[in-house]
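To keep things clear, I will list the structure first and then write my remarks on it.
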Amino acid sequence: MLLGIAISMFISAGKSLSREFVGLVADTHAEEGLRSAYWLDLAVTDGLSGEEASKAFLNAVRGTHPTRRVGVSSMVFDQAKPLYRVSKEAWSPFIYIEEERHIDLGIKWLIWGIIGVCAAVIIHGKTRDRDVLPLALLTDEDELEEDEDRSPE
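So for the sequence shown, the numbering used here puts the first residue at 5; every next one is plus one.
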């Protein structure tokens with residue numbers, strides 16, 4: 005079971021690290037709760053000049069231009085403000101807000117996946133090396149000892 009959870013962490017890390025995006029922050033959303041989630045809505049400005057990028061941002065805020073929603077860590081969420089440029093290259097462990105570098109959330113999942121695999125291997129090794137006597141054998145020995153104590157000599 006632990007190995008399955010670790011593998012799902014590796015899959016999540018791969019998805020997070022493989023994504024790439026560039027855009028201006030149009031809006032932010034936070035879902036607080038047991039499992040908090042932080043989202044940035046980016047106005048896609050790939051390959052657009054300064055004036056065209058500004059128009060794309062304004063249209064994204066109005067809702068007439070498509071935005072791309074990306075999940076980020078709470079640290080990135082706190083630093084991202086409207087009109088900030090946010091970018092991430094594929095397989096890069098960093099998300100850039102303007103020129104500031106932040107670690108992608110996929111790195112955390114990758115570390116947890118490695119810890120999970122190591123723990124699963126250690127637990128598996130300990131359960132295989134264990135010399136456990138079945139309970140039936142223990143009760144037979146206890147009965148033999150009781151019989152010896154009661155025998156008249």
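The C-beta atom is built at its ideal place from N, Cα and C for all residues, glycine as well.
The Cβ atoms of F25 and V80 do not sit closer than 7 Å to each other. The beta-carbon separation of G120 and M13, rounded to 6 Å, stays under the 8 Å limit for a contact.
The Cβ-Cβ distance between S77 and L109 falls below 7 Å. D31 carries a strand assignment under DSSP once its states are collapsed to helix, strand and coil.
DSSP places T131 within a helical segment (H, G or I) once states are collapsed to three. Across the set T68, T49, L7, I107, the C-alpha of T49 shows the shortest separation from the C-alpha of Y88. Burial check for W95: the Cβ neighbour count within 10 Å stays below 16, so the residue is exposed. R66 and L46 have their alpha carbons spaced roughly 13 Å apart. Within the DSSP bridge table, the entry for F98 names I107 as partners.
Here K85 is exposed: its Cβ has fewer than 16 other Cβ atoms, across all protein chains shown, within 10 Å. In the three-state scheme derived from DSSP, where H, G and I count as helix and E and B as strand, K112 is classed as helix. Distance check between E104 and each of S91, A30, E56 places S91 closest, using alpha-carbon atoms only. Per the C-alpha coordinates, the member of S53, I99, G129 positioned closest to Q83 is I99. Boundaries for S77: no alpha helix (DSSP H) harbours it, and the DSSP string shows neither H nor E there. Taking G51 as reference, the option from W43, L44, A60 with the minimal CA-CA separation is A60.
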